[in-house]
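Inspection log for the structure reproduced underneath, given as structure tokens.
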Amino acid sequence: MAVCPYGAAAVVMALLSAAIAFHCSPLLAVLQRALSLHTAHATKDMDNLFQLVRNIVPALTSKKHKGQDGRIGIVGGCQEYTGAPYFAGISALKVGADLTHVFCAREAAPVIKSYSPELIVHPVLDSSDAVEEVEKWLPRLHALVVGPGLGRDDLLLNNVRGILESTKARDIPVVIDADGLWLIAQRPALVHGYQKAVLTPNHVEFSRLWDAVLSSPMDTSNHSGSVLKLSQALGNITIVQKGEQDLISNGQQVLVCNQEGSSRRCGGQGDLLSGSLGVMAHWALRAGPEKTNGSSPLLVAAWGACTLTRECNHLAFQKYGRSTTTTDMIAEVGAAFSKLFTT
Numbered sequence: 001m002a003v004c005p006y007g008a009a010a011v012v013m014a015l016l017s018a019a020i021a022f023h024c025s026p027l028l029a030v031l032q033r034a035l036s037l038h039t040a041h042a043t044k045d046m047d048n049l050f051q052l053v054r055n056i057v058p059a060l061t062s063k064k065h066k067g068q069d070g071r072i073g074i075v076g077g078c079q080e081y082t083g084a085p086y087f088a089g090i091s092a093l094k095v096g097a098d099l100t101h102v103f104c105a106r107e108a109a110p111v112i113k114s115y116s117p118e119l120i121v122h123p124v125l126d127s128s129d130a131v132e133e134v135e136k137w138l139p140r141l142h143a144l145v146v147g148p149g150l151g152r153d154d155l156l157l158n159n160v161r162g163i164l165e166s167t168k169a170r171d172i173p174v175v176i177d178a179d180g181l182w183l184i185a186q187r188p189a190l191v192h193g194y195q196k197a198v199l200t201p202n203h204v205e206f207s208r209l210w211d212a213v214l215s216s217p218m219d220t221s222n223h224s225g226s227v228l229k230l231s232q233a234l235g236n237i238t239i240v241q242k243g244e245q246d247l248i249s250n251g252q253q254v255l256v257c258n259q260e261g262s263s264r265r266c267g268g269q270g271d272l273l274s275g276s277l278g279v280m281a282h283w284a285l286r287a288g289p290e291k292t293n294g295s296s297p298l299l300v301a302a303w304g305a306c307t308l309t310r311e312c313n314h315l316a317f318q319k320y321g322r323s324t325t326t327t328d329m330i331a332e333v334g335a336a337f338s339k340l341f342t343t
């Protein structure tokens with residue numbers, strides 16, 4: 001299932017209409033019908049995607065115990081960057097995870113703890129036995145988000161490398177963002193072919209990954225094709241290219257998320273995306289293809305997280321305009337989720 005924007009089709013239709021309306025009204029009628037059918041098809045695809053996301057959202061019931069709807073690990077946080085792991089972790093909780101663990105460097109831990117008592121913070125990421133310390137928790141986690149606030153210190157990157165290997169060995173879904181993507185650009189084999197990995201690069205990070213994996217120049221006129229090709233080169237793992245439109249591919253198809261957001265871009269909103277995607281990836285994989293109508297569960301999860309992030313941005317911008325921050329966006333998660341995915 002691929003959802004494509006149809007604004008360009010409307011422009012073309014308007015130009016053709018002006019050119020041929022006087023001379024060839026039957027042809028105009030055909031073109032108008034074609035555009036109408038295209039618009040209806042795109043709208044139907046969009047409605048289907050919303051329904052698929054709703055299908056993976058677990059029901060709230062008193063029969064569940066704490067932890068069943070998501071125990072998410074965030075790997076990141078260093079002396080310089082403490083906000084990003086907080087944003088990712090708190091977003092996971094706001095979306096519906098029951099517990100969030102943050103595995104960070106020792107100096108970052110007190111700061112992250114001070115932001116929220118709701119996060120479980122482990123100051124182990126810069127220790128000599130970091131991999132072993134995180135491995136103790138992996139059997140209890142449903143998904144990992146790697147990269148928010150990680151930085152590029154060699155010790156941290158080497159420890160994360162070991163954590164990723166252990167995560168793959170346990171078949172745990174992993175979302176990789178920010179400086180986690182820097183590590184992948186240096187060592188693409190860490191995720192190559194791992195079908196439970198999702199990469200969430202922005203424009204710069206995408207270009208860096210492309211240069212690391214592909215020898216041919218990128219076709220900047222065909223963004224969807226580029227995302228598809230990079231996914232294929234990495235063994236058909238799921239890639240979310242963030243941008244004016246978010247493009248999501250597993251190497252077989254491309255989904256387009258063009259949910260209305262705003263013109264405001266604030267640091268940290270990518271962490272909202274990665275945190276929410278960690279939860280939705282767990283939900284989607286647990287629900288399975290039967291709940292996603294045969295579509296890739298991770299594609300559905302990624303589209304849902306992109307749509308939610310954009311709606312949070314839209315709602316916050318309506319209130320705060322130019323002064324919108326990621327904290328404002330996170331405050332809108334509940335309202336945005338209910339509007340989009342609650343029936």
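Each residue of the sequence shown is one higher than the one before, counting from 1 in UniProt numbering. Even for Gly, the Cβ is constructed at its ideal location relative to N, Cα and C.
DSSP-derived helix/strand/coil call for residue i
i, result
"H101", "strand"
"F341", "helix"
"C306", "helix"
"G7", "Per-residue confidence for G7 stands at a pLDDT of 43, beneath the threshold of 50, marking its modelled position as unreliable; the derived number appears in the next sentence. The answer is helix: DSSP assigns G7 an H, G or I state."
"A331", "coil"
"C78", "coil"
"C312", "helix"
"residue 350", "The displayed coordinates of the chain run from 1 to 343. Any statement about residue 350 would go beyond what the structure contains."
CA nearest to the CA of residue i, picked from the options
i, options, result
"T137", "L155, F103, V198", "First, the amino acid is wrong: residue 137 is Trp here, not Thr. Minimum Cα distance to W137 is reached at F103."
"K94", "P110, A108, S116", "S116"
"N258", "S62, K242, A331", "K242"
"E118", "E135, D98, R106, D129", "D98"
"G321", "H282, S274, S262, S338", "S262"
"V57", "E205, Q186, A284", "A284"
"L49", "Y194, A305, T325, V300", "V300"
"G151", "G180, I120, G225, L228", "G180"
For residue j and residue i, the rounded distance between their alpha carbons
i, j, result
"D309", "D126", "Reading the sequence as shown, one finds Thr at residue 309 and not Asp. Their backbone Cα atoms lie some 31 Å apart in a straight line."
"H101", "E165", "19 Å"
"L255", "I248", "5 Å"
"D153", "V175", "20 Å"
"H314", "E260", "7 Å"
"A88", "T220", "30 Å"
"A157", "V191", "Per the sequence presented here, residue 157 reads as Leu, with Ala not at that position. Cα to Cα, L157 sits roughly 15 Å from V191."
"N202", "G251", "18 Å"
"R287", "Q253", "Checking the displayed sequence, the identity of residue 287 turns out to be Ala instead of Arg. Approximately 21 Å, taken between the alpha carbons."
"K196", "L298", "8 Å"
"L340", "S323", "24 Å"
"Q318", "A169", "45 Å"
"D129", "R161", "13 Å"
"A178", "G147", "5 Å"
"F206", "W182", "10 Å"
"V213", "Q186", "10 Å"
"V204", "Q68", "36 Å"
Residue-level contact to chain C via CB, residue i, 7 Å cutoff
i, result
"G149", "Protein chains in the displayed structure number just one, and chain C is not present."
Residues that residue i bridges to, as DSSP identifies them
i, result
"P188", "Paired residues: none, contrary to the question."
"Q241", "L247"
"H122", "F103"
Inset, instruction - Would you check if the region 229–240 and the region 139–157 touch, i.e. whether three or more CB-CB distances between them fall below 8 Å? - result: no
Inset, instruction - Give a yes or no on contact between the region 278–293 and the region 325–338, applying the rule of three or more CB pairs nearer than 8 Å. - result: no
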